[in-house]
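The block underneath contains the structure these notes are about, expressed in structure tokens.
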Amino acid sequence: MKKLFISAAAAMLLAVAAAPAAHAQSIRFGLKAGANLSNLSGDLTNQSQYNNRFGFHGGVMVNFGLANDMLSIQPEILYSQKGFRYDNQSITFLGNTFRNAGNVRYDYLDVPILVRLKVSTGLFFELGPQYSYLMNVSTDRTQTYNGSVVGTAGSGTTNLDRVNRNELGYVGGLGFQSKEGLLLGVRYNGAFTDFAQDGYSNNDFRNARNSAFQAYVGFLLGSK
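Read left to right, the sequence shown gives residues 1 to 224 (the working numbering).
Have a look at this one:
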């Protein structure tokens, strides 16, 4: 899968570079925002305890139209919340239930460079590489006893020595763009880079990689 995405992205970029009309025929700036459904993928210890979590992403983009706008290149700069939610862990003894739940949020700066291909009126496919920088890790946990909250804990991690803050990945998706510039789309974000280094969190995250589905709405401004 990794080689497939790299080969496809490279082929599309070469096609753009070799196109006769290699100069941008239109330049449009835009804004976008949407929701993430993220988790960790890979060979994880106790993988069943990691559940999907919802997050936010948003930022700016610029679209360079080529080949009569059938083909375009679109770099973006996005703030993106990834991570996972712990499976509710509960213990019942003598009719009393103690429950521990929480989630971990990874705050990333994502920079995808996408090649977009319009296949029909408004419909497009997009594919490309992505660089991501991990800015922060935050953890929130809640403990309840018979349904009543008995403890909470939250922390923002500043010591990230044992995680890979620089991440290389890929993006693929499809969407719809109106003539006025309204955008609707869905994407998948995957990573080539492992999230953690040896020794992080007792090696529970060895070979773990970020994985996220995204749905977004946006708007492109400027000349078409």
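Heads up, the beta-carbon is just placed ideally off N, CA and C, and yes, glycines get one too.
Check whether the Cβ atoms of residue i and residue j lie closer than 8 angstroms to each other.
{"i": "Asp-168", "j": "Val-137", "result": "The question names Asp, but residue 168 in the sequence shown is Leu. No. Outside cutoff."}
{"i": "Gln-197", "j": "Arg-162", "result": "yes"}
{"i": "Asn-189", "j": "Asp-140", "result": "no"}
{"i": "Gly-55", "j": "Gln-25", "result": "no"}
{"i": "Leu-78", "j": "Ala-212", "result": "no"}
Pick helix, strand or coil for residue i, following the three-state DSSP scheme.
{"i": "Gln-197", "result": "coil"}
{"i": "Gln-81", "result": "strand"}
{"i": "Tyr-216", "result": "strand"}
{"i": "Gln-49", "result": "helix"}
{"i": "Val-16", "result": "Its pLDDT being 48, under 50, Val-16 is placed unreliably in this model, and the coordinates cannot settle the point."}
{"i": "Gly-65", "result": "strand"}
{"i": "Leu-94", "result": "coil"}
{"i": "Leu-40", "result": "strand"}
{"i": "Phe-205", "result": "coil"}
{"i": "Gln-130", "result": "strand"}
Taking residue i as the reference, give the member of the options with the closest Cα.
{"i": "Asn-207", "options": "Leu-40, Pro-75 and Gln-25", "result": "Leu-40"}
{"i": "Lys-286", "options": "Ser-38, Gly-95, Leu-220 and Gly-83", "result": "Given that the chain is displayed from residue 1 to residue 224, the structure contains no residue 286 and the question cannot be resolved."}
{"i": "Leu-109", "options": "Glu-76, Leu-127, Thr-97 and Gly-128", "result": "Glu-76"}
{"i": "Gly-175", "options": "Leu-94, Tyr-86, Ala-215 and Pro-112", "result": "Ala-215"}
{"i": "Met-70", "options": "Gln-177, Leu-37, Asn-36 and Gln-81", "result": "Gln-177"}
{"i": "Phe-195", "options": "Met-61, Gly-42 and Glu-126", "result": "Gly-42"}
{"i": "Ile-73", "options": "Ile-27, Arg-85 and Gly-122", "result": "Ile-27"}
{"i": "Val-186", "options": "Gly-122, Ala-35 and Phe-29", "result": "Ala-35"}
{"i": "Val-60", "options": "Val-119, Thr-97, Gly-122 and Ala-33", "result": "Ala-33"}
Where does residue i land, buried or exposed, given buried means 16+ other C-beta within 10 angstroms?
{"i": "Leu-134", "result": "buried"}
{"i": "Asn-63", "result": "buried"}
{"i": "Tyr-50", "result": "buried"}
{"i": "Phe-205", "result": "buried"}
{"i": "Val-171", "result": "buried"}
{"i": "Gly-65", "result": "buried"}
{"i": "Asn-240", "result": "Outside the displayed range of the chain (1 to 224) lies residue 240, so it cannot be described from this structure."}
{"i": "Ser-132", "result": "buried"}
Am I right that residue i and residue j are in contact with their C-beta atoms under 8 angstroms? What's the rounded C-beta distance?
{"i": "Tyr-106", "j": "Gly-128", "result": "Contact flag wrong, Cβ pair sits at about 21 angstroms."}
{"i": "Gln-130", "j": "Val-115", "result": "Actually they do not touch by this definition, with Cβ atoms about 12 angstroms apart."}
{"i": "Gly-30", "j": "Gly-173", "result": "The Cβ separation is near 16 angstroms, so there is no contact."}
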